[in-house]
Amino acid sequence: MSHSSVDPAVETSQAARRRLFLWGAGALAGLGGAGLAAWRMRLGDVKEHQAQTLWDASFEAPGGEALAMASLRGRPLLLNFWATWCPPCVQELPMLNAFYGAHRAKGWQVLGLAIDQPANVQKFLQRMPLDFPVVLGGLGGAELSRGLGNDKGGLPFTVMFAADGSISRRKIGQLTEQDLQNWAKSL
24 MSHSSVDPAV ETSQAARRRL FLWGAGALAG LGGAGLAAWR MRLGDVKEHQ AQTLWDASFE
84 APGGEALAMA SLRGRPLLLN FWATWCPPCV QELPMLNAFY GAHRAKGWQV LGLAIDQPAN
144 VQKFLQRMPL DFPVVLGGLG GAELSRGLGN DKGGLPFTVM FAADGSISRR KIGQLTEQDL
204 QNWAKSL
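FYI, the numbering for the sequence shown is 24 to 210, going by the working numbering.
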């Protein structure tokens, strides 16, 4: 009867190589995922005259009244593109509402631009009333978002405008308390 045995040093060396290979493959996969996420969250350039196009626009509120964007010019504005079907959008709305409550006396404005069906927005606002105004963006709102540098059309997308109407900050993805604190300090 022949008995085959593997040298323990060789076995340990092979196991170490396997672990190193698996660790390296995992690290590469992680970096690839992070790169993909960064690419997806990358902001494009603001298209020429897009900020002026925004200030010239008018949007309908869920109740039917019109809101002329020009009426919001002259004070800092957080413009938040969102939808009722977007979990991160819905999660950040209470934080935006709290920001508005804490900063409106200092001149800050917040506007929610819903990229959604009017009936969905109306039902949502009945369940979760917001202190800041919400308007319906429709397809024009999605195009406006792209024009402001949201090339992929991701939601939520937030743009901060300075009092002079110029774009000060932009972010694709859910805002954090730290984002809002930093943005508020920057103006």
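The beta carbon of each residue, even a glycine, is placed where N, CA and C say it ideally should be.
Can you tell me the Cα-Cα spacing of I190 and G170, whole angstroms? Within the sequence shown, residue 190 is the residue found at index 167, counting from 1. Within the sequence shown, residue 170 is the residue found at index 147, counting from 1. Each residue's alpha carbon lies about 12 Å from the other.
What residue from G177, L203, M183 and I195 has the CA that sits closest to R98's CA? By one-based count along the sequence shown, residue 98 stands at place 75. Nearest option by C-alpha distance: M183.
Does the stretch 161-170 come close enough to the stretch 87-98 that 3 or more CB-CB pairs lie under 8 Å? no
Starting from the C-beta of E71, find all residues in its chain whose C-beta is less than 7 Å away, skip the five residues before and the five after it, and write them out in chain order. Along the sequence shown, one-based indexing puts residue 71 at 48. Hits under 7 Å: none found.
Can you tell me whether DSSP reads S191 as helix, strand or coil? As a first step, residue 191 is located in the sequence shown; it is residue number 168 there, counting from the start. If DSSP states are grouped into helix, strand and coil, S191 belongs with the strands.
For A125, report the span of its alpha helix (DSSP H) as first-last. As a position in the sequence shown, residue 125 is number 102, starting the count at 1. Taken as a continuous stretch (DSSP letters only), the alpha helix (DSSP H) holding A125 covers P110 to H126.
Quick check on DSSP: helix, strand or coil for W131? As a first step, residue 131 is located in the sequence shown; it is residue number 108 there, counting from the start. Residue state, collapsed to three classes: coil.
Would you tell me roughly how many angstroms separate the C-alpha atoms of E115 and A80, rounded to the nearest one? Position 92 of the sequence shown, counted from the start, is the residue given in the question as residue 115. Position 57 of the sequence shown, counted from the start, is the residue given in the question as residue 80. Taking the straight line joining both Cα atoms gives about 25 Å.
Pull the bridge partners of S81 from the DSSP assignment, please. In the sequence shown, residue 81 corresponds to position 58, counting from 1. Answer by DSSP bridge pairing, in chain order: A91.
Got a sec? Which residues, its chain only, sit under 7 Å from G124 by beta carbon, not counting five neighbours each side? Stepping through the sequence shown from its first residue, residue 124 is reached at position 101. Taken in chain order, the residues that qualify are D154.
Do you know whose CA, among L159, T181 and F82, lies nearest N143's CA? As a working mapping, residue 143 is identified with position 120 in the sequence shown. Among L159, T181 and F82, the Cα nearest to that of N143 belongs to L159.
Reduced DSSP secondary structure (H/G/I, E/B, other) of N173: Residue 173 sits at position 150 when you count from the first residue of the sequence shown. Residue state, collapsed to three classes: coil.
In terms of residue numbering, what span does the alpha helix (DSSP H) encompassing P147 cover? In the sequence shown, the residue the question calls residue 147 occupies position 124. The identity of residue 147 in the sequence shown is Phe, whereas the question assumes Pro. Unbroken alpha helix (DSSP H) run through F147: P141 to R150.
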